[in-house]
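Structure first, then comments.
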Amino acid sequence: MKAFTVERYGKKEKLHLTDWAQPTINENEVLVQINAAAINLSDTMLKNGDFKLFLPYKTPFVNGQDMAGVVTKAGAKVAQFKVGDEVYARPSDFKIGTFAEYIAVNENDLALKPKNISMEESASIPVVGLTSWQVLVKIAKLKKGQKVFIQAGSGGVGTFAIQLAKHIGAYVATTTSTTNIELVKSLGADLVIDYKKEDFVNILKDYDVVLHSIKDAKVLENSLKILKQGGILVSLTGPPTAEFAKEIGLGWHLQMLTNLLSLSTRRKAKKLNVNFKFLFMKPEGKQLSEITALIEAGKIRPIIDKVFPFEQTNEAMAYVETGRAKGKVVVKVK
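Quick note, the sequence shown lines up with residues -2 to 331 if you use the working numbering.
Here is the structure:
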């Protein structure tokens, strides 16, 4: 099969279109023929080697974390899926590789794709959907009537998280640039701050939850300040915590390192009497099935900026790296 691989780590490296062995499946896995894959900024970070400390992928490996496709084979113990099922997933760490024609996926990571949207739209959902769900539902336990600040509202996570927060019944503030104000309003944002003209720290106060996704120390510090006492900030960009390191099974020396990396932020949070958490999204088929139900009920719609042909996966990655994409960027594999 054809696949885009990381041959060596590096910012200047491109993915290589390669002939790669079609994966074999174990008894708990299905083989999926991939129709579409989405691009995430974390795909670039993986290629660059930014996660090497926590996720030491051995090169060469197939990149890509989001996909939708059709089951072509099922392992002997697979109970939930059969050949011909249209599915989508974010495969487990060390089992990624969606920039390819086929992938083996554990059935626990998989869900039936929403019936009312296309393969391309479905492929755009798993990473941003699961991230938003785990921040707002699982960790922050967002409730109706609470106030949530979702940063970068027109990005992949932002466009999904705004809709999920509104479905829960929260009041949503977000930041975006002038050109995307109407888009985020159409998704349900109650208060939209043009970050080029205004600073959110001068406008927002007493928020229950912050979904933090901007990799900037000042933005992180100011985000803690807008929380009410006992409020919670969940960060997607770090710094990582010892709690996270322990959760993913890292050794004590890496737990110590992450403890040091997040020490300053945790101290600031404690001083303000607020909570700081770091999220590294986990694949979870059951949560994805709940997201499917919301999409089929018309509560959430995918936002796609561009669809690239499979051969232009590197160009799609470069486009995502500009930071200008509205919603998600997708690669059509089949």
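Glycine included, each C-beta is placed from N, C-alpha and C at the ideal position.
- Non-local beta-carbon contacts of residue 235 in its own chain, meaning distances under 7 Å to residues more than five positions away in sequence, involve 275 in chain order.
- For residue 107, the closest alpha carbon among the candidates 280, 304, 327 and 331 is that of 280.
- Runs of the beta strand (DSSP E) lying entirely within the stretch 214 to 293 and spanning at least 3 residues, in chain order: 224 to 232 and 272 to 275.
- Shown here for residue 181: same chain residues with a beta carbon closer than 7 Å to its own, the five before and five after excluded, namely 150, 151, 159, 171, 173 and 189 in chain order.
- A straight line joining the alpha-carbon of residue 101 with that of residue 242 spans about 27 Å.
- Inter-segment contact for the stretch 220 to 227 and the stretch 70 to 81 is absent: fewer than three beta-carbon pairs are separated by less than 8 Å.
- The continuous beta strand (DSSP E) containing residue 69 extends over residues 63 to 71.
- Looking from the CA of residue 156, the closest CA among 140, 87 and 124 belongs to 124.
- Per DSSP, residue 179 has no beta-bridge partner at all.
- Distance from residue 328 to residue 302 at the Cβ level is roughly 12 Å; contact not present, criterion being Cβ atoms closer than 8 Å.
- Inclusion of residue 86 and residue 285 in the CB contact set at 8 Å is warranted, their separation being smaller than that value.
- Taking residue 92 as reference, the option from 46, 45 and 27 with the minimal CA-CA separation is 27.
- Inclusion of residue 237 and residue 259 in the CB contact set at 8 Å is warranted, their separation being smaller than that value.
- Residue 94 and residue 18 have their C-alpha atoms spaced approximately 12 Å apart.
- Judged by DSSP secondary structure, residue 99 falls within the beta strand (DSSP E) whose first and last residues are 99 to 103.
- When the beta-carbon positions are compared, residue 132 and residue 208 come within less than 8 Å of each other.
- Secondary structure of residue 123 (DSSP, three-state): helix.
- Taken atom to atom, the span from the alpha-carbon of residue 310 to that of residue 1 is near 8 Å.
- Distances from the alpha-carbon of residue 289 to those of 96, 81 and 122 put 122 closest.
- Residue 60 sits in coil when the DSSP states are folded into three classes, being neither helix nor strand.
- In this structure, residue 44 sits near residue 3, with a CB-CB distance shorter than 8 Å.
- Shown here for residue 24: same chain residues with a beta carbon closer than 7 Å to its own, the five before and five after excluded, namely 72, 73 and 74 in chain order.
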